[in-house]
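In the working numbering, the protein residues as written are 54 to 259.
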């Protein structure tokens, strides 16, 4: 299991709608990181990080001296790679501040890292319970245009599904069906949906 799946499966992370910082428990947040590899290549980007998760997996027991980002030079039990997101975006719809990616994360093996450092930008410490990967065109819509229709479906498996439509052919009634059982499990974001400008987002909650 890679680090992305491990963090997701372990945390069962929190994201409520509307977002209420007083109502949520521990969740992953974005941390900017700069990696110099043994090959000489230098990479900057973000990873999802939760102190509690890394501490729990350090030698199989909770410790208090795991330090970010130097802990990537001291392998942690259960973690073999840094899951590095190099192209992240903060969107406005359906909720201002949700984070998405325009590129799949790069998996950097610990044993290929020479040095690490903190790399700060505007996304530092943003909550990141899950990071959907979307096309640049869809991301621009979510940044700039309110959807024509919008529905939320909550499941029993720790995530919330958001459907947004920018198509006159898919309205509230159709999205209501997509958010109901069993369709909420059967219909996923895909090329056809993207062509219709219908978007599915999933975010985990506690």
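For each residue, glycine too, the CB sits at the ideal point set by N, CA and C.
Keep in mind it's a predicted model, so treat the numbers as computed, not measured.
In the three-state reduction of the DSSP assignment, residue 92 falls in the coil class. Per DSSP, reduced to three states, the secondary structure at residue 191 is helical. Runs of the beta strand (DSSP E) spanning 3 or more residues and lying entirely within the stretch 211-240 occur at 212-218, in chain order. In the three-state reduction of the DSSP assignment, residue 167 falls in the strand class.
One thing to note: residue 185 has its Cβ within 7 Å of the Cβ of residue 254. Between residue 228 and residue 202, the beta carbon gap of about 5 Å places them in contact (Cβ cut-off 8 Å). Between residue 102 and residue 182, the C-beta spacing is not below 7 Å. In this structure, the alpha-carbon of residue 206 lies about 6 Å from that of residue 215. In its chain, beyond the 5 residues on either side, 249 have a beta carbon closer than 8 Å to the beta carbon of residue 222.
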